[in-house]
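As given, the protein sequences belong to chains A, B, C and D, one line each in that order.
Numbering-wise (our numbering), the first sequence opens with residue 4 and increments by one.
Numbering-wise (our numbering), the second sequence opens with residue 4 and increments by one.
Numbering-wise (our numbering), the third sequence opens with residue 49 and increments by one.
Numbering-wise (our numbering), the fourth sequence opens with residue 49 and increments by one.
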Amino acid sequence: MSAQRPASKSELMVVASAHALTGKRVCFVGVGLPNIAVNLAKRTVAPEMELVYEAGVFGANPARLPLSIGDPTIVTGSTATVSMHDLFGLYLQGGRIDVGFLGGAQIDRFGNLNTTVIGDYAAPKTRLPGSGGACEIAINAKEILVIMRQSTRSFVKELDFRTSPGNLGGAVAAAKTRAAQGWGGSGPSGVITDLGVYGFDDDGEMALRSLHPGATLDQVRASIGWEIRIPQSFPATPTPTDEELRLIREELDPTGAYVS
Amino acid sequence: MSAQRPASKSELMVVASAHALTGKRVCFVGVGLPNIAVNLAKRTVAPEMELVYEAGVFGANPARLPLSIGDPTIVTGSTATVSMHDLFGLYLQGGRIDVGFLGGAQIDRFGNLNTTVIGDYAAPKTRLPGSGGACEIAINAKEILVIMRQSTRSFVKELDFRTSPGNLGGAVAAAKTRAAQGWGGSGPSGVITDLGVYGFDDDGEMALRSLHPGATLDQVRASIGWEIRIPQSFPATPTPTDEELRLIREELDPTGAYVS
Amino acid sequence: MSTSKLVDMRTAIAAHVHDGDTVAIEGFTHCISFAAGHEIIRQRRRNLTLARMTPDLVYDQMVAAGCAKKLIFSWLGNPGVGSLHAIRRRTEPAALAPGESLLEIEEYSHHGMVGRYVAGAHRLPFYPLRSYSESDLPKVNPLIRTVQSPFGGEEVYAVPPLNPDVTIIHAQRADAEGNVQMWGLLGCQKEAAFAAKHVIAVVEEIVPTSVIRADPNRTIAPGLIVSAVVCEPFGAHPSYVQGSYDRDNAFYREWDTISRDAAATEAWLQEWVYGVKDRAAYVAKFGGDYFKGLTPTSAPSGSVDYGDYR
Amino acid sequence: MSTSKLVDMRTAIAAHVHDGDTVAIEGFTHCISFAAGHEIIRQRRRNLTLARMTPDLVYDQMVAAGCAKKLIFSWLGNPGVGSLHAIRRRTEPAALAPGESLLEIEEYSHHGMVGRYVAGAHRLPFYPLRSYSESDLPKVNPLIRTVQSPFGGEEVYAVPPLNPDVTIIHAQRADAEGNVQMWGLLGCQKEAAFAAKHVIAVVEEIVPTSVIRADPNRTIAPGLIVSAVVCEPFGAHPSYVQGSYDRDNAFYREWDTISRDAAATEAWLQEWVYGVKDRAAYVAKFGGDYFKGLTPTSAPSGSVDYGDYR
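Written as structure tokens, this is what we have:
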């Protein structure tokens, strides 16, 4: 394969997310981009990774790209298919999940997430899906990766509703609460957007880690509703390889339903 | 079949126990005599009865007499084989069991049972098996039938240890506790011994209901450690039919391991 | 052993679903009884409290048809597609049609909903879990509370039992007595069934009791807790049944378009729910080839041996 | 996908069972790993806390061999036969041999023991249950406590989590990565395994991963939680494995006689545990025909279809 067309923003997100999974063992998979990222990672940087779907599947081996989290293709050929009670109790709360993927309508500088409502809870402007498993994934997966497109509507100073806790009001508060409340995990470790990759610094606040090829700091600043921390120097996000693009375009999302 | 040899004391217990199950729907089965009684009832007075074994089997259809509560013959051909968590949580505590059978080393006048120790708990004279499922069967099965041979060692004024609650200190206390503590059942409804059948009167105290053929009131009184309540008049326990004896002797316990 | 509980869907819904009831149609993406949902719509049940982890299209349709007064749920979306627009029209004040009122909302996380069914099924006054810490959910749902551990005093969260008046589950097979077996995603069908006062079991196939008894570990609900058994092939469409047919992803996407418009939604209900008398008519309306296209090739589990012990 | 965890029993016990550990060999009558128990005796482990719902003959033998300092259990008997005499000699002061001390005892009911494993497996600080009310058990076990429901204030009982250092389960089959499948009585193997820091899975047969993946609903423990896999045919004898061999009821009865006498018990241990180097030698000592006599005829489950979705 050569003469690939350059990576799209979605493809950059997917490949950066896959890289963040290097060497990980057990990943809680969501639908959409996280699903493609995880399947890409399994074919490249994390071949031993076990995929866990909240629908009740451990060690999934999907023969096609699942449209939904409950697609029959994730069941057939899996290592274990279990009840939701077992999945959320034994696997997630029991502390067996290394990485959980989350997204949301809103995220704040500390990685707290809103997937519940825009506007007032009792009389919302937009009613969103709600928690699903996000609230407990945020608390119990050992680490959290967030995938979201940047915009001032979604990267906000203040959430309308906190569905899933991240670093709360900062690293100190978060560490204290995690210990006192027996959280299984240590919260968000990275945010992957269409413009770059972010980590969390010692204050528990989001900070740019790498900028995607083609993206600018102006774009980054203009699409985040607070003054984002940007270190003195930072690398560019590695450009997707031809093989990564081929896997996405030919195997994982041949119709371009998600990554276009 | 005719010219059967007369019923033994064990056979009288088994047949009287089977009669107590007339029309019952779901019965929690123990090993030994209760097991034979329940299987006899299923072949005679309660053909629709479902057998539940605490090992995790609902709707058992054993092809042979199980020696233990976990015999493989109770699994093969059963309606449902489930985990202990489901058996004790969904079936028993969930309120799906009509009748539980219990026995014990000691019983008192209110049907409280001891299966834990004879003597002091910390330094016992005899260490017994303990509760197993008895404590929760006593609390959560809708009604309890007790099968025990009479003796002053076992029908005692005061238990050495109360493993499984019956009518506590009497009917009033028991009713109050059952309501306050959310018990699923109403406690002991009958005691079947080698000499007779007992019920519980309005005070929650054991009282003779029928005397087995061949047994005398003197024997009854001499083998109970308190002054047992005996009504003015009471019937004789029905003599086992030839068919009942045939079923026990030829089908249910052909080697006479339990009923001899 | 017992008498048959086999009835048609109309009879089952008429007997066990009443106005004002709390109804749980469970099945996590897999085995959702759309057939039952549509019959509830046809029988014009009103003021139902609809409980379900993921309301999915089935509750979007029931809400559109005016059956519901309240939703109890943990994730409100069209899985893999987007929003449930009919429900959004009843939850966003700006979208509310004249004369309509907002749906009551009682919302949890997935583990919380599972815990509610578990507590209901186990007859426990609450179910403890490590969730909700520092989430706003407990602030808007007074039924998410804390409980103190008697070992060390640690506080965790707790949810109360949920005991539906009726739970409706779909599965691959049952016998006429209502012993239900299922494979693939198990969701919380078992817990929701044991928690309910009545259970309607809808299956693709009625099998002899001997088939059930040959593999007792596959039973998720015994006949003991089942009030009615309905045989309804393709009764879970557009959701799916593992090994029988695929999820109709095209319809899930199509519903996104239909349901954005109240009139189109009503027209769809008229044609595909009110306009067919039962699920067999619904299936016939698609034409036989349609479902052939959703049928997977075979992937057999293989047989294991329980042993005949005599 | 992962590397093989397949080892022999000697290696598995040497690596994962240490003096002073809390060990759970689970299996409710069914699938009790006597092979592991005997290897622990041979390796002369000491001061173990032995947890098990029903200690059964396997713990009677381990106690007789001096491995245990404490028992955590819910029913202490020889099922269907009578007492566990070696354990009684360590729990009844009058029966205690000179120089021996009483075993520590921590005792629950069945549901309570299940609840301890569930709490351990779900990482909960306690497990609530409706048991123990008006029983003397909470008086003698300070770890059986009450907890108040945050919904209405009702009090129920609670038990704390149990997290064994190692749980040993026996099952019909696993692949080399440790994905374990089981049918028949499931006991609390799954919960005890998920509660443990390490799991040793002992199976009758190692199968290719494809066999496991053909029927994912039968998996009770994924390789993720399993530290070692041991293939040990007849490793559960004298208990049984559904579909493979029968319970050796004659031996359960015989043990009643042997174990009544401390010298006879020691002689038995010398001959059948210390005197054989491993389970294969134990099986060979019986002679092949012996196990043929315990083999049931076939009762196949039948195959179900998961469907191949591409």
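Note that beta-carbon positions come from the ideal geometry of N, C-alpha and C, so glycine has one too.
- Secondary structure note for F91/A: it is in no alpha helix (DSSP H), with a DSSP letter that is neither H nor E.
- Under DSSP, the beta-bridge partners assigned to L116/A are I110/A and S167/A.
- Within chain A, the residues A66 and T79 have their CB atoms less than 8 Å from the CB of D356/D, given in chain order.
- Secondary structure note for E314/D: its alpha helix (DSSP H) is the uninterrupted segment A310 to L317.
- Rounded to whole angstroms, the Cβ separation of A144/A and S167/A is 11 Å, and the two are not in contact under 8 Å.
- Listed as beta-bridge partners of H78/C by DSSP are Y288/C.
- The criterion of a C-beta distance shorter than 8 Å is satisfied by S307/D and A134/D.
- By the criterion of a C-beta distance shorter than 6 Å, V18/A is surrounded in its chain by P243 and E247, once the five residues flanking it on both sides are discounted.
- As the crow flies, the alpha-carbon of Q196/D is around 17 Å from that of H170/C.
- The Cβ atoms of T82/A and I260/D sit closer than 8 Å to each other.
- Per DSSP, the beta-bridge partners of T215/C are A72/C and V247/C.
- The alpha-carbon separation between E148/D and W303/D amounts to approximately 22 Å.
- The Cβ-Cβ distance between S287/C and I80/C falls below 8 Å.
- Under the Cβ distance rule, R92/D does not count among the residues neighbouring chain A, no pair being separated by less than 8 Å.
- For the stretch 185-197 of chain B, the residues whose beta carbon sits under 9 Å from a beta carbon of chain D are, in order, G185, W186 and G187.
- Taking the C-beta atoms as reference points, R224/A is found no nearer than 8 Å to T196/A.
- Using a CB distance below 9 Å, the part of the stretch 213-247 of chain D facing chain C consists of Q220, R221, Q229, M230, W231, G232 and L234, ordered along the chain.
- The C-beta of L150/D has fewer than 16 other C-beta atoms within 10 Å across all chains shown, which makes the residue exposed.
- In its chain, beyond the 5 residues on either side, F104 have a beta carbon closer than 6 Å to the beta carbon of G33/B.
- Assignment of T97/C by DSSP, reduced to helix, strand and coil, places it in the strand class.
- Chain order gives the chain A residues near A169/D as G92, L93 and G97, where near means a beta carbon separation below 8 Å.
- Rounded to the nearest angstrom, the gap between the Cα atoms of I110/A and W229/A is 11 Å.
- V194/B sits in a strand when the DSSP states are folded into three classes.
- Put simply, the CB of M16/A is far from chain C, with every gap to its CB atoms at 8 Å or more.
- Under the 8 Å criterion on CB atoms, P127/A is classed as interfacial with respect to chain C.
- Taking 8 Å as the cut-off, the Cβ atoms of V228/D and A244/D do not count as close.
- When the Cα atoms are used, G85/D and I254/D turn out to be separated by approximately 21 Å.
- Using a Cβ distance threshold of 8 Å, Q96/B and L191/D do not count as a contacting pair.
- Distance from A328/C to A63/C at the Cβ level is roughly 20 Å; contact not present, criterion being Cβ atoms closer than 8 Å.
- If you check the CB distance, Y124/A and V278/C do not come in under 8 Å.
- In terms of Cα proximity to Q109/D, the closest of L185/D, E314/D and Y180/D is E314/D.
- Unbroken alpha helix (DSSP H) stretches of 4 residues or longer found wholly inside the stretch 120-161 of chain C: 133-137, given in chain order.
- Annotation: the stretch 27-101 of chain A contains the following complete segments of the beta strand (DSSP E) (minimum length 3 residues), in chain order: 29-32 and 53-56.
- The beta carbon of D184/D falls within 8 Å of a beta carbon belonging to chain B, placing the residue at that interface.
- Taking a Cβ-Cβ cut-off of 7 Å, the neighbours of C138/A in chain C comprise S157, S179, Y180, S183 and L185, given in sequence order.
- Residues of the stretch 42-55 of chain A with a C-beta atom less than 7 Å from some C-beta of chain D are E51 and E53, listed in chain order.
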